[in-house]
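Single-structure report; data block below.
Protein chains: 2
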Amino acid sequence: MSSTARNTTRERLEARESAILDAAEGIFAQAGFDGAKIADIARAASVAEGTVYLYYKNKRDLLAGVIGRFWSQQTLGAEAAIDKEASTLDQLEQFGRYHLQSILNQFDVVSLTYRAQPQQAQDLDQVREYVKVFDRIMKQGVDRGELPPHTPVGHLRDVFFGTLEFSSRTLKLRGRSYDHSVVTNLLFLIAAQDQVKPASLETAAPSNEDLMKKLESIQRQLKELKTAK
Amino acid sequence: MSSTARNTTRERLEARESAILDAAEGIFAQAGFDGAKIADIARAASVAEGTVYLYYKNKRDLLAGVIGRFWSQQTLGAEAAIDKEASTLDQLEQFGRYHLQSILNQFDVVSLTYRAQPQQAQDLDQVREYVKVFDRIMKQGVDRGELPPHTPVGHLRDVFFGTLEFSSRTLKLRGRSYDHSVVTNLLFLIAAQDQVKPASLETAAPSNEDLMKKLESIQRQLKELKTAK
DNA sequence: ATACCAAAATGAATTTAATTCATTTAAAAT
DNA sequence: ATTTTAAATGAATTAAATTCATTTTGGTAT
Chain A
106 MSSTARNTTR ERLEARESAI LDAAEGIFAQ AGFDGAKIAD IARAASVAEG
156 TVYLYYKNKR DLLAGVIGRF WSQQTLGAEA AIDKEASTLD QLEQFGRYHL
206 QSILNQFDVV SLTYRAQPQQ AQDLDQVREY VKVFDRIMKQ GVDRGELPPH
256 TPVGHLRDVF FGTLEFSSRT LKLRGRSYDH SVVTNLLFLI AAQDQVKPAS
306 LETAAPSNED LMKKLESIQR QLKELKTAK
Chain B
106 MSSTARNTTR ERLEARESAI LDAAEGIFAQ AGFDGAKIAD IARAASVAEG
156 TVYLYYKNKR DLLAGVIGRF WSQQTLGAEA AIDKEASTLD QLEQFGRYHL
206 QSILNQFDVV SLTYRAQPQQ AQDLDQVREY VKVFDRIMKQ GVDRGELPPH
256 TPVGHLRDVF FGTLEFSSRT LKLRGRSYDH SVVTNLLFLI AAQDQVKPAS
306 LETAAPSNED LMKKLESIQR QLKELKTAK
């Protein structure tokens, strides 16, 4: 078996698996898990019914495949949407905006996530990876001193994802589209919490003295500019 | 048909319907919606399979019955758990504690809620009633002057239920039981928001930090000007 | 190029479980 | 006591997931 041939074969199999996943995602999203018939999915993927079972053990497993792929892509998308150089709060806002927008745009696929079996731990592995994006932002925030060391990341994670999830349902229910104020309000809440608790010296807001010094420096520079002309 | 007889008949029918709902709740909670067999439910309720279909159109409708009854009871329980004389924040804490405790205790039944069809509006009528408990507390808070008039109740509703829901999943996942700090932290967040500013970032007064950032940006531009010369 | 093998694919047959319905049983009315 | 109506039954039907005996395909060796 030549290397080229092996590649061709594998590529053919992967293309077929992709076709099945694509078909399944479409039919599941459109008809729901129960409403989707393997026969329809097979037809949409241009394979025989039995072929689906060569790639996935059963309908549940196929669902897990669709969900896993979706959340993997979400993780990549989120990482692309976040500016590594931005402040922690800005990163959180970028992530929040990305999250809300994408779960709204792909509401039907996201809803399928709840049909996975939480008992089957690996069914939700990719969701767990996605959640880690939040954890990394928060950890970096603490390391950088932008968040207090005692920041309750676990709680805030549930606040963040819970709020955005429920907000997306509310928006959908009311037939409304993405609303940035949801993210803004949420960030406000999270930021407010940080302010209330005793902040470390590093994170202390600049004093008026600091501002005045900065202004005086600017004033000096302006004078230099004027005289230089 | 005598009044007594009519009563006896109706009572008999209601008892039977109750038996079916009890059986369904038990089997659904234990086996999940897909895993539950109508045959098992019928056996547990001591009726024939066909009898189930005299009371409920199909399996989905039976699920809706179980969910509806559960959330109706939740509404009654919540109203009993809330002291009408207490302050708004105390009432919110009482409700939050009740909500988290009960969704943890009856996690399997609550999970079934996500199997209802959001399209079928009336499937979730009782859930909507339950949510109104929150709205009434908030409205009363605004009327009493304990909350600012512009309090974003809709947004806070999603924060409240979303956070508690996700927190319950986290606790379940980690095999932990009710943790009051979840409620405390949530209340803290909500209270902080009221104190700070509930609207959007646009209307917020700029913090010293914001001023400092703006000044630093001006300073950078000045430097560029100077070196450009 | 041909024959052979193993992997992949097929779709008809099987299985499982929801739903229906002709029949029976029980209750209410006359 | 008889008739009528409502409720209940469970065997038969139906729908859809899953299996599996058979066929097809692609790669390898002669």
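Residue numbers (the working numbering), protein chains in the order written: chain A, 106 to 334; chain B, 106 to 334. Yeah, the Cβ is synthetic: ideal placement off N, Cα and C, and Gly gets one too.
Can you look up residue i in the DSSP assignment and give me helix, strand or coil?
| i | result |
| --- | --- |
| E198 of chain A | helix |
| A297 of chain A | helix |
| N290 of chain B | helix |
| T113 of chain B | helix |
| D228 of chain A | helix |
| N210 of chain A | helix |
| A142 of chain B | Inspection of the sequence shows that residue 142 of chain B is occupied by Lys rather than by Ala. It is coil, neither helix nor strand. |
| Q178 of chain A | helix |
| A169 of chain B | helix |
| D127 of chain B | helix |
| D263 of chain A | helix |
| Y203 of chain B | helix |
| Y158 of chain A | helix |
| E307 of chain A | Caution applies to E307 of chain A, whose pLDDT of 36 falls short of 50 and renders its modelled position unreliable; the value that the coordinates give is listed next. In this structure, E307 of chain A counts as coil in the three-state DSSP scheme. |
| E51 of chain A | Because chain A spans 106 through 334 in this model, residue 51 of chain A falls outside it and cannot be assessed. |
| G137 of chain B | helix |
| R220 of chain A | helix |
| A150 of chain A | coil |
| R281 of chain B | coil |
By Cβ distance, which residues of its chain are closer than 6 Å to residue i, with the 5 residues on each side in sequence left out?
| i | result |
| --- | --- |
| W176 of chain B | Q231, V232 and Y235 |
| S272 of chain B | V287 |
| D213 of chain B | A134 |
| D145 of chain B | I132 |
| E130 of chain B | V171 |
| T218 of chain B | I172 |
| K142 of chain A | none |
| D166 of chain A | none |
Assuming residue i and residue j are in contact, meaning their beta carbons sit under 8 Å apart, how far apart are those beta carbons, in whole angstroms?
| i | j | result |
| --- | --- | --- |
| Q196 of chain B | D188 of chain B | 7 Å |
| E251 of chain A | T156 of chain A | Going by Cβ atoms, the distance from E251 of chain A to T156 of chain A rounds to 52 Å, so no, they are not a contact pair. |
| G170 of chain B | S207 of chain B | Not quite, the Cβ-Cβ distance comes to about 19 Å (not below 8 Å), so this is no contact. |
| Y160 of chain B | E122 of chain B | 5 Å |
| V258 of chain B | V264 of chain A | With a Cβ gap of about 17 Å, V258 of chain B and V264 of chain A do not count as contacting. |
| F138 of chain B | R220 of chain B | 5 Å |
| L291 of chain B | L261 of chain B | That pair is no contact at about 10 Å. |
| A150 of chain B | A128 of chain B | 4 Å |
CB-CB under 7 Å to residue i, same chain, minus the five flanking residues each way: which ones, in chain order?
| i | result |
| --- | --- |
| R115 of chain A | none |
| Y283 of chain A | L205, Q206 and L209 |
| Q399 of chain B | Outside the displayed range of chain B (106 to 334) lies residue 399 of chain B, so it cannot be described from this structure. |
| V238 of chain A | T180, A183, E184 and F200 |
| R174 of chain B | L126 |
| L229 of chain A | A221 and P223 |
Ordered along the chain, which non-local residues of its own chain (more than five positions away) have a Cβ less than 8 Å from that of residue i?
| i | result |
| --- | --- |
| R274 of chain B | none |
| I242 of chain A | I187, T193, Q196, L197 and F200 |
| G140 of chain B | none |
| A191 of chain B | Q199 |
*asked:* List, from N- to C-terminal side, the beta strand (DSSP E) runs of 3 residues or more that fit wholly inside the region 232 to 259 of chain A.
replied: Note on the region 232 to 259 of chain A: there is no whole beta strand (DSSP E) run with a minimum of 3 residues.
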